[in-house]
Amino acid sequence: MTAQLSGAGPVPAAPRTAGPPAPPPRRRHSGRPVWAGRPSTSLTIGKGFVLALLVAAVLVPLWTVLVTSLASRGTIDDAGGMVMIPREIDPSAYITIFSGGDVTQAVWISTLVTVLGTTVSLVLTVLAAYGLSRPGSVAHRGLLFYFLLTFLIFPGLVPSYLVVTGLGLKDSIWSLILPSAISVFNLVVIRAFFMNVPAELLDSARIDGAGELRILTRIVLPLSKAVIAVVGLFYAVGYWNAYFNAVLYIDSNDKFPIQRVLQSYILAGQSPNVSGASVSLPGVTAYPPTLAVKMAVVIVTVIPAVIIYPFVQRHFTKGVITGAVKG
Amino acid sequence: MSAPGTVETRPPAERTPPPRRPRRGGRRSLRARLRRDWPLLAMAAPAAALLLVFHYLPTLGNVIAFQDYNPFVGDDPLDAFLNSEWIGFGNFEALFRDPLFWDAVRNTLSITAFQLVFFFPLPILLALILNSVVSGRLRGFVQSVVYLPHFFSWVLVVTFFVQMFGGAGLLAQEMRQAGLQPWEIMTNPDTFIVLVTAEAVWKDLGWGAIVFLAALSAIDQNLYEAAAADGAGRWRRLWHITLPGLRPVIVLLLIMRLGDALSVGFEQFILQREAVGREAAEVLDTFVYYQAISTQQWGLGAAAGLFKAVVGLALILTANKVAHRLGEQGVYAKS
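Protein chains in written order, with the UniProt record's numbering: chain W, 1 to 327; chain B, 1 to 335.
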């Protein structure tokens with residue numbers, strides 16, 4: 001078996017240290033384990049092709065939309081529509097949408113909802129997760145059951161709608177926040193992390209006279225930064241992406257979140273009655289809806305996810321799996 | 001999860017089962033435990049209250065499915081609820097006689113079935129491929145790229161598809177330049193089921209692979225080594241070690257998918273319903289929406305919603321029971 005040193009695969013593997021027998025790696029970080037044979041060439045090519053296809057399927061649309069949003073009118077006319085190869089950069093589409101008007105307003109609303117909502121959700125979820133993280137405390141089992149039961153029963157759209165409107169939340173941005181503020185799945189994920197904090201640590205803090213709140217903020221939270229970051233991202237993305245709740249509950253144009261504007265602005269030509277109400281296309285009267293402007297709205301909608309993403313991405317697997325396994 | 005101290009103190013002659021619940025600090029009075037634990041209760045209270053208002057209250061509110069609910073007989077929804085007339089199963093009778101409802105049920109079930117066959121196995125395949133990529137850097141790059149669309153909203157996903165495959169999109173544009181007649185992908189009711197599945201795959205393929213990747217990394221590498229030493233080739237190792245290692249996760253996700261058989265997602269269908277027409281794109285969720293909120297038939301919409309919830313619950317309980325029979329853990333294993 002000579003193949004294993006060459007590190008087969010679509011690209012050359014990282015150089016292997018040949019010498020000292022390291023402890024057996026759980027994951028193959030630096031090359032193929034000795035016992036694994038080398039895959040056939042056709043298999044390797046097939047895998048490389050599939051992966052390249054997947055990466056392209058994500059990156060090509062993103063790239064095309066980005067380039068089109070930055071293209072000048074002439075470039076778009078020459079291409080006959082979407083542009084793939086950038087020639088000249090023209091940021092005027094972005095200047096247009098950010099110089100006031102519905103898109104600017106919607107970005108502001110969505111930002112507000114995202115920041116406010118994520119804060120509310122994280123605070124409430126962390127508190128509840130800590131409150132439930134002590135097996136044996138009063139009503140622990142009952143409370144946990146109360147939270148977990150929500151996985152099995154579904155409230156239904158009509159009664160939810162009536163409750164939200166009955167509380168007077170219709171056409172208020174709180175209707176985008178409060179009904180979806182608690183994700184029990186996220187709660188279970190955080191709780192699992194909290195339960196992994198060594199009990200001795202908590203006990204010693206208690207002996208030193210710390211109350212539960214202080215233990216949470218001073219000891220448990222600093223140890224759980226990774227999971228808080230991931231759950232925070234989940235919540236933030238959820239609020240930023242909220243569309244259907246806005247269709248249900250928001251009536252006035254100046255409270256539309258960005259997804260709602262994106263839909264009426266770009267998809268509406270295809271599906272004008274989507275909201276059930278007649279939408280006066282926001283922005284259409286204010287400036288001509290050129291393709292570049294439309295694509296700029298798409299990019300603005302994408303950007304927050306793309307920006308936050310790299311910071312928390314490395315925690316995904318850990319956070320998601322802990323919750324799934326321990327839950 | 002077990003507190004040894006409490007069990008030992010029981011006289012062994014007693015035939016009652018030992019107390020399941022571990023009591024922290026032995027047998028203290030409830031009041032003492034309350035004094036000790038009240039901060040924990042207070043911390044969980046706000047979240048519990050929100051769930052009460054926005055989850056449990058609407059769940060109870062489903063009883064309006066048995067009412068001729070009319071929002072105008074009262075000043076607010078509660079008042080209207082108290083003043084509305086009870087009509088027993090009238091809404092359900094009307095619902096089950098409504099051919100549109102059965103259209104929606106059929107569409108929902110076909111989409112679920114289609115996605116079960118053409119979507120469900122893909123994340124497993126992707127995880128297997130990724131897992132076999134030796135270069136950590138390449139694997140990391142591919143993973144970060146394919147996870148990304150999961151964080152896009154449905155509005156964005158549909159927008160991207162329109163811009164790529166729509167009448168004025170990139171593909172149509174290229175085909176026109178090549179002198180071809182562009183395909184009608186985004187508005188064709190006949191292929192709508194393929195389109196929504198493709199969108200779902202684009203959005204969640206990478207994300208779905210995460211849990212399988214984790215399961216793969218938990219498989220004992222020594223098993224592979226031993227199998228290789230015994231002469232098992234690549235495919236035999238896949239068949240006899242990898243797939244059995246993934247089995248619990250596959251069963252778990254399959255159950256969850258089956259329990260969700262009646263919900264294929266709101267936004268994706270609301271967004272495209274007009275473009276392809278109601279016949280193909282009406283699913284149960286959109287049916288509820290259009291019956292209730294658009295055409296104000298609250299009772300009928302609530303009945304459809306309740307039907308969906310009850311059948312969904314029955315499905316998940318059944319699937320889980322089957323999983324237990326098969327010796328798998330299922331969703332809510334007895335802990």
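Heads up, the beta-carbon is just placed ideally off N, CA and C, and yes, glycines get one too.
Take residue i as the anchor and find which of the options has the nearest alpha-carbon.
{"i": "B/Gln-115", "options": "B/Phe-266, B/Arg-257, B/Gly-327, B/Phe-287", "result": "B/Arg-257"}
{"i": "B/Tyr-289", "options": "B/Phe-165, B/Val-53, B/Glu-267", "result": "B/Glu-267"}
{"i": "B/Leu-141", "options": "W/Asn-245, W/Ala-52, W/Trp-35", "result": "Looking at the sequence itself, residue 141 of chain B is Phe, so the reference to Leu does not match. For B/Phe-141, the nearest C-alpha among the options comes from W/Ala-52."}
{"i": "residue 337 of chain B", "options": "B/Gly-259, B/Thr-159, B/Ala-275", "result": "One cannot answer for residue 337 of chain B here, as it falls past the ends of chain B, which runs 1 to 335."}
{"i": "W/Gly-142", "options": "B/Gly-179, B/Ala-44, B/Gly-90", "result": "B/Ala-44"}
{"i": "B/Ile-293", "options": "W/Tyr-235, W/Val-65, W/Leu-157, W/Ser-42", "result": "W/Leu-157"}
{"i": "B/Leu-130", "options": "B/Glu-174, B/Phe-212, B/Val-53", "result": "B/Phe-212"}
{"i": "B/Leu-284", "options": "B/Lys-308, B/Gln-272, B/Gln-297, B/Arg-273", "result": "B/Lys-308"}
{"i": "W/Trp-240", "options": "W/Asp-251, W/Val-261, W/Val-312", "result": "W/Val-261"}
{"i": "W/Leu-267", "options": "B/Ala-200, B/Gly-136, B/Arg-31, B/Met-186", "result": "B/Met-186"}
{"i": "B/Ile-219", "options": "B/Pro-248, B/Lys-321, B/Ala-232", "result": "B/Pro-248"}
{"i": "B/Arg-273", "options": "B/Glu-93, B/Gln-143, B/Leu-52, B/Leu-195", "result": "B/Leu-195"}
{"i": "W/Val-55", "options": "B/Ala-302, B/Phe-118, B/Arg-139", "result": "B/Arg-139"}
{"i": "W/Val-58", "options": "B/Arg-234, B/Gly-167, B/Trp-207", "result": "B/Trp-207"}
{"i": "B/Ile-270", "options": "W/Tyr-265, W/Pro-257, W/Val-247", "result": "W/Val-247"}
{"i": "B/Ala-209", "options": "B/Gln-173, B/Leu-128, B/Gln-177", "result": "B/Leu-128"}
Can you name, in chain order, every residue of its own chain whose Cβ lies under 7 Å from the Cβ of residue i, other than the five neighbours on each side?
{"i": "W/Gln-105", "result": "Asp-254"}
{"i": "W/Leu-116", "result": "Ile-177"}
{"i": "B/Ala-104", "result": "Glu-282, Val-283, Leu-284, Phe-287"}
{"i": "residue 370 of chain B", "result": "Because residue 370 of chain B is not part of the residues shown, which for chain B are 1 to 335, the question remains open."}
{"i": "B/Ala-319", "result": "Ile-255, Leu-258, Gly-259"}
{"i": "B/Gln-297", "result": "Gln-291"}
Can you grab the Cα-Cα spacing for the pair residue i / residue j, in whole Å?
{"i": "B/Gln-163", "j": "B/Asn-222", "result": "49 Å"}
{"i": "W/Arg-73", "j": "W/Ile-85", "result": "14 Å"}
{"i": "W/Thr-165", "j": "W/Val-67", "result": "42 Å"}
{"i": "B/Ala-304", "j": "W/Asp-171", "result": "26 Å"}
{"i": "B/Leu-216", "j": "B/Arg-28", "result": "46 Å"}
{"i": "W/Leu-202", "j": "W/Ile-153", "result": "35 Å"}
{"i": "B/Ala-47", "j": "W/Leu-122", "result": "10 Å"}
{"i": "B/His-55", "j": "W/His-140", "result": "20 Å"}
{"i": "W/Ile-190", "j": "W/Phe-147", "result": "14 Å"}
{"i": "B/Asp-299", "j": "B/Leu-317", "result": "Reading the sequence as shown, one finds Gly at residue 299 of chain B and not Asp. So the two alpha carbons sit approximately 27 Å from each other."}
{"i": "B/Leu-50", "j": "W/Thr-301", "result": "29 Å"}
{"i": "W/Leu-62", "j": "W/Asn-186", "result": "29 Å"}
{"i": "W/Ser-42", "j": "W/Gly-80", "result": "39 Å"}
{"i": "W/Val-138", "j": "B/Arg-35", "result": "10 Å"}
{"i": "W/Trp-35", "j": "B/Ala-228", "result": "6 Å"}
{"i": "W/Ala-236", "j": "W/Thr-114", "result": "6 Å"}
{"i": "B/Leu-57", "j": "B/Trp-239", "result": "48 Å"}
{"i": "B/Phe-120", "j": "B/Tyr-147", "result": "16 Å"}
{"i": "W/Gly-101", "j": "W/Arg-87", "result": "29 Å"}
{"i": "B/Val-155", "j": "W/Gln-263", "result": "6 Å"}
{"i": "B/Leu-306", "j": "W/Ser-175", "result": "23 Å"}
{"i": "B/His-150", "j": "B/Asp-204", "result": "5 Å"}
{"i": "W/Val-50", "j": "W/Ala-129", "result": "41 Å"}
{"i": "W/Thr-306", "j": "W/Val-60", "result": "Position check: residue 306 of chain W holds Val in this sequence, whereas Thr was assumed. When rounded, the distance between both Cα atoms is 15 Å."}
{"i": "W/Thr-125", "j": "B/Pro-77", "result": "29 Å"}
{"i": "residue 336 of chain B", "j": "B/Leu-313", "result": "No answer is possible for residue 336 of chain B: the residues shown for chain B start at 1 and end at 335."}
{"i": "W/Ile-299", "j": "W/Leu-70", "result": "10 Å"}
Looking only at its own chain, which residues have a Cβ that is under 6 Å from the Cβ of residue i, when we skip the five neighbours before and after it?
{"i": "B/Gln-181", "result": "none"}
{"i": "W/Ile-308", "result": "Leu-233"}
{"i": "B/Ala-280", "result": "Pro-189, Phe-192"}
{"i": "B/Ala-38", "result": "What sits at residue 38 of chain B in the sequence shown is Trp, not Ala. Same-chain partners within the cutoff: there are none."}
{"i": "B/Ile-124", "result": "Phe-212"}
Per DSSP, which one or two residues make a beta bridge with residue i?
{"i": "B/Gln-67", "result": "B/Trp-86"}
Within the same chain, show all residues whose beta-carbon is closer than 8 Å to that of residue i, passing over the 5 residues directly before and after it, in chain order.
{"i": "W/Thr-290", "result": "Arg-73, Ile-76, Ala-93"}
{"i": "W/Asn-273", "result": "Caution is warranted here: a pLDDT of 29 is assigned to W/Asn-273, below 50, making its placement in the model unreliable, and no coordinate value can be reported."}
{"i": "W/Ile-215", "result": "Leu-202, Ala-205, Arg-206"}
{"i": "W/Thr-118", "result": "Gly-232, Tyr-235, Ala-236, Tyr-239"}
{"i": "residue 342 of chain B", "result": "With chain B represented from 1 up to 335, any question about residue 342 of chain B goes unanswered, as that position is not in the structure."}
8 Å is my cut-off, CB to CB: does residue i come that close to chain A?
{"i": "W/Ala-199", "result": "Looking at the structure shown, chain A is missing, and the protein chains on hand are W and B."}
(message) Ignoring anything shorter than 3 residues, give me the beta strand (DSSP E) runs that lie fully in the region 71 to 152 of chain W, in order along the chain.
(response) none
(message) Which complete alpha helix (DSSP H) runs does the region 75 to 144 of chain B hold, if anything under 4 residues is left out?
(response) Segments of the alpha helix (DSSP H) lying fully in the region 75 to 144 of chain B: 77 to 83, 90 to 97, 99 to 118, 121 to 131.
(message) Quick check for students: name the residue ranges of the alpha helix (DSSP H) that lie wholly in the region 209 to 262 of chain W, counting only runs of 4 or more.
(response) 212 to 215, 225 to 241, 244 to 249, 258 to 262
(message) List, from N- to C-terminal side, the alpha helix (DSSP H) runs of 4 residues or more that fit wholly inside the region 236 to 287 of chain B.
(response) 243 to 259, 267 to 276, 278 to 281
(message) Which runs of the beta strand (DSSP E) at least 3 residues long sit entirely within the region 23 to 51 of chain B? Give them in chain order.
(response) none
(request) Output the residue ranges of the alpha helix (DSSP H) runs that lie fully inside the region 189 to 228 of chain B and measure 4 residues or longer, sorted by chain position. (result) For the region 189 to 228 of chain B, whole alpha helix (DSSP H) runs of length 4 or above, ordered along the chain, are 192 to 217.
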